[in-house]
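Our numbering runs 42 ahead of the 1-based position in the sequence shown. Written below as structure tokens is the structure these notes are about.
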Amino acid sequence: MLPLLSLQLKARREARGLGQEDAAKLFGVDKDTVSRWERGRSKPGSASVLAAIKAEYAVSQKDLDDWFFEWTIRELKEGDRYFIRGNDYLAASGIDESGLLAQLVDIDFDLVPNMSTLEEGTIEQWAPIFQASPSTWKLLTHGNKIVGYWHYLNLKDEYFDLVKIGQLRDSQITPEMLDHPTFLEPGKSFKLYMVMIGIHSTHRFMGAGGKLINSFLMELERTASQGILFSEFATVAHTHSGEALCRDFGMEKIGHHASHTKAAPAEIFHTTGSNVSKTSPLKIRQKIAQMYSERFPQAPSS
């Protein structure tokens, strides 16, 4: 059943004989936005839009508060139906890495519709990488369906440097480029390339997103507790929301990827281990922040 807010917005629009396009003009949005409200995919947020809804649909502030409260409760309940899964998901679902990747590719193209196959790579290319590095990815599931995931790689220095100058495409990555932690090299630092983190558009809301991001923070805690710390972090952001997430993690834009175009942006973001304890969400996780600050002390200012 749809949220009460969605049902009420649709009922009040129809009671006034308005089409979705008519309502969109009244509220200063597009027709697709009105459609998403009425299908429970998103909710109106700006003060001006909410004021217009109250005026045009004769909605009281109390009614609006009640509808938003009901939406929030639904989100919290829905969040309990999402689970973080790892390599165990393959055995439980009876699929191999190729079957898994077929589902992840669908999520990738939902997240970045303009991404080309040249950038994405192929299932045949990625399957051995997932096999070679089974602990560097996690899935967000809802029921039996994968709805989001994160995936990072420890790249050898020369390949990480190519990422930073925008000259390494995901389709070029091979298992030989990975730098695998071993207990024979205590104190060695690694370089983390974030391949992807995201949720399918049909499941994108705070409860699910928070669970996925928190699982990645827990991964950084896990690696740090094993003495595996990262001296540098890099990724390529393809959307505004991706760029915002990079900035939330204290990363800075350092250039364009070779694939960057106006229609399909690809911005390189980067940060260092010394910044992790100062600017990223890990700064509030004191034990991890201390480990990073001790391994990667800030250079004294001149």
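Idealized CB from N, CA, C, for every residue including glycine.
Do residue j and residue i come within 8 Å of each other at the CB atom, strictly closer than that value?
i    : j    : result
G163 : S213 : yes
Q332 : S316 : no
H222 : R123 : no
T178 : H193 : yes
F338 : S273 : yes
L254 : I239 : yes
D72  : A65  : no
T16  : F275 : Limits of the chain in this structure are 43 at one end and 344 at the other, which puts residue 16 out of reach.
Q180 : I126 : Looking at the sequence itself, residue 180 is Lys, so the reference to Gln does not match. Result yes, Cβ atoms of K180 and I126 sit closer than 8 Å.
P228 : G269 : yes
E139 : Q173 : yes
Q62  : S84  : no
L143 : W168 : yes
P45  : R116 : yes
E261 : I330 : no
Provide the residue(s) that pair with residue i in DSSP beta bridges, ordered along the chain.
i    : result
I239 : W192
H184 : Y124 and K187
G297 : I310
S231 : L271
T277 : M236 and F311
L220 : L197
W179 : H193
Report the CB separation of residue i from residue j in whole angstroms; it is logged as a contact under 8 Å.
i    : j    : result
L68  : A94  : 6 Å
W109 : L47  : 4 Å
A134 : L182 : Not quite, the Cβ-Cβ distance comes to about 15 Å (not below 8 Å), so this is no contact.
L259 : P323 : 6 Å
Cα-Cα, which of the options is closest to residue i?
i    : options                   : result
S90  : G70, L262, E80 and D138   : G70
T277 : I310, P176 and P86        : I310
R54  : H280, H312 and A97        : A97
G208 : D105, I296 and N256       : I296
G284 : N256, D130, E56 and L153  : L153
S335 : V318, I326 and R327       : V318
R211 : S257, L287 and A279       : A279
Q145 : I165, V205, N256 and D130 : I165
L287 : A305, T265 and G252       : G252
V237 : F202, S243, E56 and T265  : F202
S243 : Q50, G82 and R58          : G82
D290 : A305, K325 and T265       : K325
W79  : L49, G128 and R58         : L49
M293 : H245, K206 and N256       : K206
N347 : T281, R327 and Y131       : The structure shown does not extend to residue 347, since the chain spans only 43 to 344, so no value can be given for it.
Taking 8 Å as the threshold, find out whether the region 146-159 comes into contact with the region 186-193 through three or more Cβ pairs.
-> Counting Cβ pairs under 8 Å, three or more are found: they touch.
Is there contact here, the region 300-309 with the region 156-176, by at least three beta-carbon pairs under 8 Å?
-> Between the region 300-309 and the region 156-176, the count of Cβ pairs shorter than 8 Å is three or higher; the stretches touch.
At a cut of 8 Å, does the region 233-250 reach the region 195-212 through at least three beta carbon pairs?
-> With a cut-off of 8 Å, the region 195-212 and the region 233-250 count as touching, because enough Cβ pairs lie within range.
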